């Protein structure tokens, strides 16, 4: 299975995704060589996706037809603040960049891609985002609740360690925002999703998580906590943030 992980890493780099200018104006160049046609109302929803004959294909559902012979690659998008919209142009290009990872024969098994929108929250889950843009003129609700505590109350490691035992949601900004934080909730949803695929018969060592930005942290955490076949084989985090 280490061979499979190595092959996937090589494919990801060749797709251009790992080298893309994440977080910059050049982000629109994601997967410029991939199929440009992405029609249909369901392209951003959870489901299987691939590139077939130069066209992007998407199908709803979670049913894996041949679980024992499937290498499942779950894609987690970014948006750790729980943004309500996950259909921005750069998200389309990321799907285009990764769609070529599906339908590849590795030995007697075939890769399939699954777009994970189960962990997005649709803007309902919390995230400490200040005023502006999608967060509104006052920022998110949890930001409004916690921002008076100050983000950098302890400015060095020694001071932090000294005061860690007395920190709580009432006196520490970061402890406060963690009471309603999208980053934790999306990870919990990803764990639930992986267990569902395992219950279908997909072997844990044939499941991989790939993610960008906040999705990259999902991939890293899954690999660190549940990797090497416990729930997944491994994770590939691209620009975790």
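Numbering (my numbering), first residue to last: 20 to 260.
Cβ atoms here follow ideal geometry from the backbone N, Cα and C, with glycine treated the same way.
Quick caveat: nothing in here was measured; it's all calculated off a predicted structure.
Whose C-beta lies closer than 7 Å to the C-beta of residue i among residues of the same chain, with five residues either side of it excluded?
i: residue 253; result: 24, 227, 242, 246
i: residue 95; result: 135, 138, 209, 228, 230, 234, 237, 238
i: residue 258; result: 41, 231, 232, 235
i: residue 97; result: 231, 232, 233, 234
Excluding sequence positions up to five away, which residues of its chain have a Cβ less than 6 Å from the Cβ of residue i?
i: residue 154; result: 148
i: residue 76; result: 69
At the level of alpha carbons, what is the spacing between residue i and residue j?
i: residue 49; j: residue 150; result: Unreliable placement is indicated for residue 49, whose pLDDT of 48 sits below 50; the coordinate value is still reported in the next sentence. When rounded, the distance between both Cα atoms is 28 Å.
i: residue 135; j: residue 116; result: 15 Å
i: residue 164; j: residue 184; result: 22 Å
i: residue 127; j: residue 167; result: 57 Å
i: residue 83; j: residue 74; result: 22 Å
i: residue 88; j: residue 118; result: 19 Å
i: residue 216; j: residue 175; result: 43 Å
i: residue 64; j: residue 207; result: 19 Å
i: residue 80; j: residue 86; result: 14 Å
Ordered along the chain, which non-local residues of its own chain (more than five positions away) have a Cβ less than 8 Å from that of residue i?
i: residue 121; result: 67, 68, 69, 70, 92, 130, 131, 132
Name the one or two DSSP bridge partners that residue i has.
i: residue 96; result: DSSP output for residue 96 lists no bridge partner at all.
i: residue 68; result: 77, 132
i: residue 91; result: 131, 226
i: residue 231; result: 257
i: residue 125; result: 128
The region 65 to 75 / the region 189 to 204 touching (three or more Cβ pairs under 8 Å): no
In chain order, each alpha helix (DSSP H) run of at least 4 residues that lies wholly inside the region 153 to 211: 160 to 165, 176 to 182, 192 to 196
Stretch pair the region 214 to 228 + the region 176 to 190: three plus CB contacts closer than 8 Å: no
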